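Visitor: Residue numbers (my numbering), protein chains in the order written: chain A, 582 to 911; chain B, 19 to 309. Submitted below is the structure of interest, expressed as structure tokens.
Below, the structure written as structure tokens:
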């Protein structure tokens, strides 16, 4: 077999993505400043969210535009269960996974069953994220606008709380690897081929006996559940969440920028997209300073608009073309 | 609860609904003609408010005069945005189209913040706070005028769509772009006009309500965009009359809902309605018919 393992585009992406994560982890070990680590952890979180999003937003072709609902829900599951009931945060990660998956299932139940067209589905998901925001803003138990604070006094792996920032980086990268592996496994599996069939031609897939609603439901549940888990981790890392932050539409679109510009059918797209864009955002913000927040918005909006117009299929499509030539695949 | 209070909320809801309708009819037309959900729509409303304030503070021009110029100016701006970024995106996947309008929205919020700062501004006419008595309810002149003008303009626009050549071309392009092109209609030109007029109407609505609200760069996103979405979905996306009816329905529902649940949950009412509408009437009040 010419080229062996790497001649398959998905295998090649897996190897490159995991290799990159390992390098990032090794690099993080030498990182001196907390500021730098902070950016790295956030980039890893964005990469994981982006990679999880592509399962529904890319592979299944759903217009899952309001994705932050799952992330925010996961963050609140962890924040509330940990601070109010003392539930172990590692367990919270799993509960957030299940909770966000349940939310995704409910969304699929109401939207797909009623045959909402793609535009309506997109608007519905955006509106839902804001419903959750207003619900949290008005819920006394969840701290209303002030949100939830976690107090961390000492490093404790058992409760996923560290004063030092470095352990968070390793855990964030571990979560990213999990999401990458799930995405890879989906693409390699029979389910992945069903997704491709539904995405490329839903009617033809139906004619072949594929239940496209069921396939899409599975995709959004898996995608949402993973985002919930990452959201729970984010709460542990940030030690402070509030509704305007974890259900922010601006953040929502920032999270989707990586996979869309990187390539929403790829694995390397969301990973490298976030690794490049998230630090760029933070550096731009830091460089322009708090006063020039407006200038940042103008620049960021321009990058978003131009990027999408110039790279409609994402950067990964060019890499894929190169890969095809390199390994001589048809 | 006294009937008087309910009546007051009802009237205020109708007043708000008229403005909603004017904002939503542009959004629904843009969707109808181009099948693009314009996430930047509310930013054009905010821009209209800022321009009205600028005209008032710089030259003492009343918003009811400057509104016309603002409409024309924003029409041109919207058409330029359509030509530069929306048109190239039309051949791309839907998610890209939506994200492009989100990019425009982000740029506009940033630009407005650069120009006018992040803090609340207000256009205080000498009679901004004046009210009159209508059937035992106190109504503000500003809100009433905004409602009447909004309804008038929406009506005039409806006549334009029905009888003017350009209006008929817009309806044709929205119903069947291919057939419209075969009939010799330049769909590209129609797209340009629709986006310009649609965003211009939002700015016009902004100028009309400028004396009644504090404005900051995210005003439109905070208070109008979700309501506008609910309205166009309720009225069937692309349906002009649907947007007008939907505007009034949502205005009243928010007014009464705010009364029952308290002002903090006012926004929840339209969002909850959105979900109910999507579930109960996924194709809107007009069963999926456009215009």
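Just so it is clear, CB atoms sit at the ideal spot from N, CA and C, and this is done for glycine as well. These numbers were taken from a predicted model, which means no experiment stands behind them.
Please compile the residues from chain A whose C-beta is within a distance smaller than 8 Å of the C-beta of residue 131 of chain B.
Guide: Within 8 Å Cβ-Cβ: 874, 875 and 878.
Visitor: Please report the distance separating the alpha-carbon of residue 756 of chain A from that of residue 746 of chain A.
Guide: Each residue's Cα considered, the two are about 16 Å apart.
Visitor: Would you mind telling me which residues of chain A sit closer than 9 Å to residue 351 of chain B, beta carbon to beta carbon, in chain order?
Guide: One cannot answer for residue 351 of chain B here, as it falls past the ends of chain B, which runs 19 to 309.
Visitor: For a contact defined as C-beta to C-beta under 7 Å, what are the partners of residue 711 of chain A on chain B?
Guide: The contacting residues are 244 and 289.
Visitor: Contact check, residue 808 of chain A vs residue 648 of chain A under 8 Å by CB: the rounded distance?
Guide: Indeed, because the Cβ distance is near 6 Å, the residues count as touching under 8 Å.
Visitor: Please determine if the segment 615-635 of chain A and the segment 786-795 of chain A are in contact, where contact requires at least 3 C-beta pairs separated by less than 8 Å.
Guide: Short answer: they don't touch.
Visitor: Run the CB neighbour count on residue 594 of chain A, radius 10 Å, all protein chains shown included, and call it buried at 16 or more, exposed below.
Guide: So residue 594 of chain A ends up on the buried side.
Visitor: Leaving aside the five residues before and after residue 894 of chain A along the sequence, list all residues of the same chain whose C-beta is less than 8 Å from its C-beta, in chain order.
Guide: The answer, listed in chain order, is 844.
Visitor: Hey, how far is the Cα of residue 145 of chain B from the Cα of residue 881 of chain A?
Guide: Roughly 40 Å between the two C-alpha positions.
Visitor: What are the start and end residues of each continuous alpha helix (DSSP H) run of 4 or more residues lying completely inside the segment 69-128 of chain B, in chain order?
Guide: Qualifying alpha helix (DSSP H) stretches, in chain order: 81-99.
Visitor: Does chain B have any CB closer than 8 Å to the CB of residue 745 of chain A?
Guide: Not closer than 8 Å to any Cβ of chain B, the Cβ of residue 745 of chain A fails to qualify, so no.
Visitor: Which value, in whole angstroms, describes the spacing of the CA atoms of residue 582 of chain A and residue 909 of chain A?
Guide: For residue 582 of chain A, the pLDDT reaches just 47, beneath the cut-off of 50, and the residue's location in the model is therefore unreliable, although a value from the coordinates is still provided. If I take the Cα positions, the gap works out to 12 Å.
Visitor: Between the alpha carbons of residue 36 of chain B and residue 625 of chain A, how many angstroms are there, rounded?
Guide: Roughly 47 Å separates the two Cα atoms.
Visitor: What does a CB cutoff of less than 6 Å around residue 131 of chain B pick up in its chain, not counting 5 residues either side in sequence?
Guide: Cβ within range, chain order: 235.
Visitor: Mapping the DSSP letters down to three states, classify residue 149 of chain B as helix, strand or coil.
Guide: Strand.
Visitor: Taking DSSP as the reference, what is the three-state secondary structure of residue 742 of chain A?
Guide: In the structure shown, residue 742 of chain A sits in a strand (DSSP, three-state: E or B).
Visitor: Which residue's Cα is closest to the Cα of residue 877 of chain A: A:861, A:892 and A:890?
Guide: Measuring from the Cα of residue 877 of chain A, the nearest candidate turns out to be A:861.
Visitor: Of the residues A:671, A:688 and A:716, which one's Cα is nearest the Cα of residue 644 of chain A?
Guide: With distances taken between Cα atoms, residue 644 of chain A lies closest to A:688.
Visitor: Please report the straight-line C-alpha distance between residue 178 of chain B and residue 95 of chain B, rounded to a whole angstrom.
Guide: Approximately 21 Å, taken between the alpha carbons.
Visitor: For the segment 720-748 of chain A, which residues have a beta carbon sitting closer than 7 Å to at least one beta carbon of chain B?
Guide: From the segment 720-748 of chain A, no residue has a Cβ closer than 7 Å to chain B.
Visitor: Select from the segment 214-248 of chain B all residues with a C-beta closer than 7 Å to any C-beta belonging to chain A, and list them in chain order.
Guide: Answer set for the segment 214-248 of chain B: 244 and 247.
Visitor: Taking residue 209 of chain B and residue 889 of chain A to be in contact with their CB atoms under 8 Å, please state how far apart those CB atoms are, rounded to whole angstroms.
Guide: So it is not a contact: roughly 18 Å between Cβ atoms.
Visitor: With DSSP run on the structure shown, which of helix, strand or coil describes residue 814 of chain A?
Guide: Residue 814 of chain A: helix per DSSP, three-state reduction.
Visitor: Compare the C-beta of residue 121 of chain B against all C-beta atoms of chain A and say whether one is closer than 8 Å.
Guide: Cβ-Cβ to chain A under 8 Å: yes for residue 121 of chain B.
Visitor: Got a sec: does the ligand GDP put a non-hydrogen atom nearer than 7 Å to the Cβ of residue 97 of chain B?
Guide: Summarising the ligand content, the structure contains no ligands, and the ligand GDP is consequently not present.
Visitor: Note down, in chain order, each residue of its chain lying with its Cβ closer than 6 Å to the Cβ of residue 620 of chain A, except the 5 sequence neighbours on either side.
Guide: So the list reads 860 and 863, once near-sequence residues are dropped.
Visitor: For chain B, find out if any of its Cβ atoms is closer than 8 Å to the Cβ of residue 777 of chain A; answer yes or no.
Guide: Not closer than 8 Å to any Cβ of chain B, the Cβ of residue 777 of chain A fails to qualify, so no.
Visitor: Is there at least one Cβ from chain A nearer than 8 Å to residue 114 of chain B's Cβ?
Guide: At least one chain A Cβ lies under 8 Å of residue 114 of chain B.
Visitor: Can you tell which of A:622, A:616, A:736 and A:852 has its C-alpha closest to the C-alpha of residue 812 of chain A?
Guide: It is A:622 whose Cα lies nearest to the Cα of residue 812 of chain A.
Visitor: Under DSSP, the alpha helix (DSSP H) around residue 299 of chain B begins and ends at which residues?
Guide: First-last for residue 299 of chain B: undefined, no H or E at that position.
Visitor: By alpha-carbon positions, which one of A:712, A:693 and A:744 ends up nearest to residue 799 of chain A?
Guide: Among A:712, A:693 and A:744, the Cα nearest to that of residue 799 of chain A belongs to A:693.
Visitor: Within 10 angstroms of the Cβ of residue 899 of chain A, are there 16 or more other Cβ atoms? Answer buried if so, exposed if not.
Guide: It is exposed - the Cβ of residue 899 of chain A has fewer than 16 other Cβ atoms within 10 Å.
Visitor: Does residue 100 of chain B have its Cβ less than 8 Å from a Cβ in chain A?
Guide: Not one chain A Cβ lies under 8 Å of residue 100 of chain B.
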